[in-house]
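Here the structure is laid out as C-alpha cells; the discussion comes afterwards.
In this note's numbering, the protein residues as written are 6 to 426.
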C-alpha cells in the first residue's frame, strides 16, 4: 500500500515537471516571435534613403563632388586652408569666395556592398588628394575631428574616435547636413567664423546645410580629363596627349604628343601668350604672341609676332612657297613650311623623344626641326644642327637667310649642290 502511494506521488511530480517544461518552451517560442517582430519594426523605422546630387543622381562610392552651401551668401563651397601656424592647408573651411565651388571630395563607403551612399550610414570623406597636396606632398586628405573642428592629416592619437554620416534635411530639394557620431551620440557639423575671418567646419547645434554637385569630366578644375588649374598644378591624363602646366613648362607623360590646354587626338601645339591651337588632324603649330594657325591638313608653321598662316594643304612659307626648301628670317625666326622638312627659330623649345618627327610642341608626320641654343635632336627621321643630311634643314638663329636650295640647306658646312646667299 505504501509503495503504491509512493508511485502515485512520483508520477504526479513527473507530470508537473513535464507540464512546466512545455509551458516554458511555449513561452520561449512566443518571446522569439515577439523579438523578431520587434527587430522587424525597428529595422523598418530606420530604413535608410539614398543621397542625391543636384542632378538627381544617387551619390556613389569613389565619385567626386563639390560640397556647396544651400544658402547663398558671402561664402562658397568647402575647401581646405592653412590656419594658425600651419604651413599646409589642413583646416576644412567654407571658401571665402562666394563664387568658388571649393575642392572636390570623394566619398568612401567601407561597409557598403552596393556602392551607393545612404543617409545615416558610416562613411569616409576626403578631398581629392591632388588638389590639397600640391605644395604638401604626402599629407592625408581624409576628414577627421580634433577638438570639435574638422581637420586633415590628423595624428590618430589626437583624433576624436567616431565616424561621419550624411543626414537628410530635405529629400525633395536634396539638402543635407554632415554629422559626426562618437561612442555615445551624434552631433551636426556647422560653420564657425574665427577671429581671422575663416569659416571653419566644427561641431555645432546649428548645422551647415549643403548640397552635392558632381564634378563633370569636362571641367578643368581638379579632374582627370582636362588641363590644369593654376591653383592645382596637376597634369591631366588623356588617351594620347597630356596637358602642359602653364607655370611649370614641362612635358609630362606623353604617349604620342603634348599639348598645352589643347585637346587633340594625336597631335598638339603650344600657345605662348595669345595664339590659339585649333583642332586638326595631324599637326599643330605654335603662335608666339599674336598669330593664329588655322585649318592645315598636314603641315603648320610658326608665326612670330604678327603673321597668319591659313588654308594651306601641304606646305606654307611666309614670303616663300617652295617644295623642298626653307627660308629663315634672322631676328624674327620665321620658318618656312615645306613638304618634307621644317625648322624652327626660337629660344626655348626642346625636341623631345618622339619616333618620327617633332618641332617645338609641333607634331608632324615626317618633319623635324632644330632649335637654336638647344641643339638636341632625339628623333628617328630627324636632322642634326649643322649636320650633312639629304632632304633636310638645319637652322641657327641670328644667321640670316638660306634660300633657294633644292634639297640641301647647310649651315657653315660645305656640301655639293649648294648655293649660299
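Cβ atoms here follow ideal geometry from the backbone N, Cα and C, with glycine treated the same way.
Quick caveat: nothing in here was measured; it's all calculated off a predicted structure.
Check whether the stretch 55-62 touches the stretch 100-109, counting contact only when three or more Cβ pairs, one atom from each stretch, lie closer than 8 Å.
Contact between the stretch 55-62 and the stretch 100-109 is absent: fewer than 3 CB-CB pairs across the two stretches fall below 8 Å.
Using alpha carbons as the reference points, say which of 185, 181, 130 and 188 lies closest to residue 158.
Check the Cα spacing between residue 158 and each of 185, 181, 130 and 188: the tightest is with 130.
Do three or more CB pairs link the stretch 133-149 to the stretch 81-96 at distances below 8 Å?
Taking 8 Å as the limit for Cβ pairs, the verdict is that the stretch 81-96 does touch the stretch 133-149.
If you compare alpha carbons, which of 106, 127, 91 and 81 is closest to residue 114?
In terms of CA proximity to residue 114, 127 leads the group 106, 127, 91 and 81.
Closest by CA to residue 4, which one among 213, 165 and 163?
No information on residue 4 is available, as it lies outside the stretch 6 to 426 that the chain covers here.
According to DSSP, is residue 74 part of a helix, a strand, or is it coil?
Here residue 74 sits in strand by DSSP.
Go through its chain and collect everything with a Cβ distance to residue 199's Cβ below 7 Å, but skip five positions before and after it.
Hits under 7 Å: 205.
Could you spell out where the alpha helix (DSSP H) holding residue 135 opens and where it closes?
Residue range 134-137 is occupied by the alpha helix (DSSP H) that includes residue 135.
With a 10 Å radius around its C-beta and 16 neighbouring C-beta atoms as the bar for buried, classify residue 2 as buried or exposed.
In the structure displayed, the chain extends from 6 to 426; residue 2 sits before or after that span and is not available.
One or two residues paired with residue 65 in a DSSP bridge
Its beta-bridge partners are 121.
I'd like to confirm the pairing. Which residues does DSSP put opposite residue 191 in its beta bridges?
Beta-bridge partners of residue 191 (DSSP): 186.
Please identify the residue among 116, 194 and 187 whose C-alpha is closest to the C-alpha of residue 154.
Across the set 116, 194 and 187, the C-alpha of 194 shows the shortest separation from the C-alpha of residue 154.
Suppose the cutoff is 7 Å on Cβ atoms and the five residues either side in sequence are ignored; what does the same chain contact list for residue 75 look like?
For residue 75, where only same-chain residues beyond five positions count, the Cβ hits under 7 Å are 180, 214, 215 and 216.
Going straight from the alpha carbon of residue 112 to that of residue 70, what length do you get?
When rounded, the distance between both Cα atoms is 9 Å.
Which class does residue 175 belong to by DSSP, given the choice of helix, strand or coil?
Looking at residue 175 - three-state DSSP - the assignment turns out to be strand.
Euclidean distance between Cα positions of residue 77 and residue 149:
Cα to Cα, residue 77 sits roughly 26 Å from residue 149.
Under the three-state reduction of DSSP, which class applies to residue 85: helix, strand or coil?
Residue 85: strand per DSSP, three-state reduction.
Helix or strand or just coil, what does DSSP make of residue 198?
Residue 198 falls in the strand class under three-state DSSP.
Buried or exposed for residue 184, please, with buried defined as at least 16 other CB atoms from any protein chain shown within 10 angstroms of its CB.
Per the 10 Å Cβ criterion, buried.
Can you name the residues that DSSP bridges to residue 216?
DSSP, once it has assigned bridges, lists 73 as partnering residue 216.
When the Cα atoms are used, what is the spatial distance from residue 121 to residue 68?
In this structure, the CA atom of residue 121 is about 10 Å from the CA atom of residue 68.
What do you reckon, are the CB atoms on residue 132 and residue 108 nearer than 9 Å?
Judged by their CB atoms, residue 132 and residue 108 are nearer to each other than the 9 Å cut-off.
The beta strand (DSSP E) that contains residue 149, what's its start and end?
Under the DSSP assignment, residue 149 falls in the beta strand (DSSP E) whose first and last residues are 149-151.
Within 10 angstroms of its Cβ, does residue 123 collect 16 or more other Cβ (buried), or is it exposed?
Buried, because 16 or more other Cβ atoms sit within 10 Å of the Cβ of residue 123.
Spatial neighbours of residue 156 within its chain, please: C-beta separation below 7 Å, excluding the five flanking residues on both sides.
Contacts found: 95, 96, 97 and 149.
Apply the 10 Å Cβ neighbour rule to residue 146 and answer buried if 16 or more other Cβ atoms are within range, or exposed otherwise.
Counting Cβ neighbours within 10 Å, residue 146 comes out buried, since at least 16 surround it.
Kindly indicate which residue of 186, 66, 65 and 54 has the alpha-carbon position closest to the one of residue 164.
For residue 164, the nearest C-alpha among the options comes from 186.
Give the range of the beta strand (DSSP E) segment to which residue 164 is assigned.
Premise fails: residue 164 is in no beta strand (DSSP E) and is neither H nor E.
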